[in-house]
Amino acid sequence: VLKNGKYTNYDVKNFIGNSNIWSIAEDKFGNYLIGTGNGLLIFDGNSFKRIVCSDKESQMNVVYDICVDHNGNVWLGTQLGIAKLINGAIEPFKDASIIKNFVYKIYEDKYGAFWFGTEDGLYKYEKNKVIHFTEKNGFTKQCVRNIVNDKNGDLWFGTNAGIFKYENGKFTNITEKIGGLTSEVLSITIDKENRLWSGLSNGIDEIYKINGNYTVRHYGIEDGFIGKGCGQNSILIDSKGKLLVGTANGL
């Protein structure tokens, strides 16, 4: 944690369990929620509290993503589907029939609908109904790791089959449309200029439009990119417009 110019490091002794961290979010009370390989950690700035399922051996204790919705409810993407934090406990989400596999990303859109990026593709949950998007919808059944929105309100998805854009109720495979790009996308983010940055196994792609056509610039080792590849959900544009990329070889 960086505070007032000073770093404080916390390790497995502080965490009371597994130190593998997959996600971090902030709840409505200002607590930090930390998804780990062994449950959810709640850090109030002074101490950690670990929360697990009633079944301590459950794969639902592996928390890949955390979403705090507009009402302050905490949703968890786990190795065994969707869960929610209810009365201080991790409980399976039973309101709809969500597939019980790895859930890497949870996103709430401006209409209050939830989008789930999973190992088995993309799901949307709205008004107690679930839609599984596949090739029939112009999407893919392959793994979905990232979901972001741009300044126009359109959604972008990072998948094992490339980058997809959801605009006016229609999916477009941007990777396929441009051609010649790496299809396995590990991380995506969008900057203030509406340019998309894609973290790949061999560097970073910057994707933007000129005169209505997509243009790509690739950044690799020759451009000073130190990592062999970008980590999952490990790319960020900070408040000053700087691009931060987490890799196996550092930041």
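Going by our numbering, the letters in the sequence shown line up with residues 8 to 258, in that order. C-beta atoms are modelled at their ideal positions from N, C-alpha and C, and glycine is treated no differently. Just so we're clear, the structure is a prediction, and the values are computed from it rather than from any experiment.
Ignore the nearest five residues each way along the sequence and tell me which others in residue i's own chain have a CB closer than 7 Å to its CB.
| i | result |
| --- | --- |
| Ser-241 | Ser-194, Gly-206, Val-252, Gly-253 |
| Lys-2 | In the structure displayed, the chain extends from 8 to 258; residue 2 sits before or after that span and is not available. |
| Thr-179 | Phe-171, Lys-172 |
| Glu-115 | Cys-74, Asp-76, His-77, Phe-121 |
| Phe-232 | Gly-210, Ile-211, Tyr-226 |
| Glu-174 | Asp-161 |
Does the distance from the CB of residue i to the CB of residue j come in under 8 Å?
| i | j | result |
| --- | --- | --- |
| Asn-153 | Leu-162 | no |
| Thr-125 | Phe-109 | yes |
| Leu-87 | Lys-63 | no |
| Lys-177 | Tyr-221 | no |
| Ile-211 | Cys-237 | yes |
| Asn-38 | Phe-50 | yes |
| Tyr-118 | Gly-84 | no |
| Lys-143 | Asn-201 | no |
| Ser-30 | Val-70 | yes |
| Ile-113 | Trp-82 | yes |
In or out: residue i buried (at least 16 other Cβ within 10 Å) or exposed?
| i | result |
| --- | --- |
| Thr-166 | buried |
| Asn-94 | exposed |
| Phe-36 | exposed |
| Leu-203 | buried |
| Asp-245 | exposed |
Could you check the C-alpha separation between residue i and residue j for me, to the nearest Å?
| i | j | result |
| --- | --- | --- |
| Asp-230 | Gly-169 | 23 Å |
| Glu-33 | Cys-150 | 26 Å |
| Gly-291 | Ile-28 | This structure leaves residue 291 out entirely; the chain is present only between 8 and 258. |
| Asn-80 | Phe-55 | 20 Å |
| Glu-133 | Ile-228 | 43 Å |
| Glu-98 | Leu-92 | 6 Å |
| Thr-141 | Asp-72 | 22 Å |
| Gly-128 | Ile-217 | 30 Å |
| Arg-224 | Gln-239 | 20 Å |
| Ile-181 | Ala-90 | 31 Å |
| His-139 | Thr-147 | 10 Å |
| Phe-164 | Ser-61 | 33 Å |
| Ser-65 | Phe-123 | 20 Å |
When DSSP builds the beta bridges, which residues end up paired with residue i?
| i | result |
| --- | --- |
| Ile-170 | Gly-165 |
| Ile-214 | Leu-203, Val-223 |
| Asp-72 | Gly-84 |
Starting from the C-beta of residue i, find all residues in its chain whose C-beta is less than 6 Å away, skip the five residues before and the five after it, and write them out in chain order.
| i | result |
| --- | --- |
| Tyr-14 | Only weak support exists for where Tyr-14 lies, its pLDDT of 47 falling under 50; the value from the coordinates is given anyway. Hits under 6 Å: none found. |
Got a sec? Which residues, its chain only, sit under 8 Å from residue i by beta carbon, not counting five neighbours each side?
| i | result |
| --- | --- |
| Val-192 | Arg-152, Asn-153, Gly-165, Thr-166, Asn-167, Gly-169, Ile-170, Thr-182, Ser-205, Gly-206, Leu-207 |
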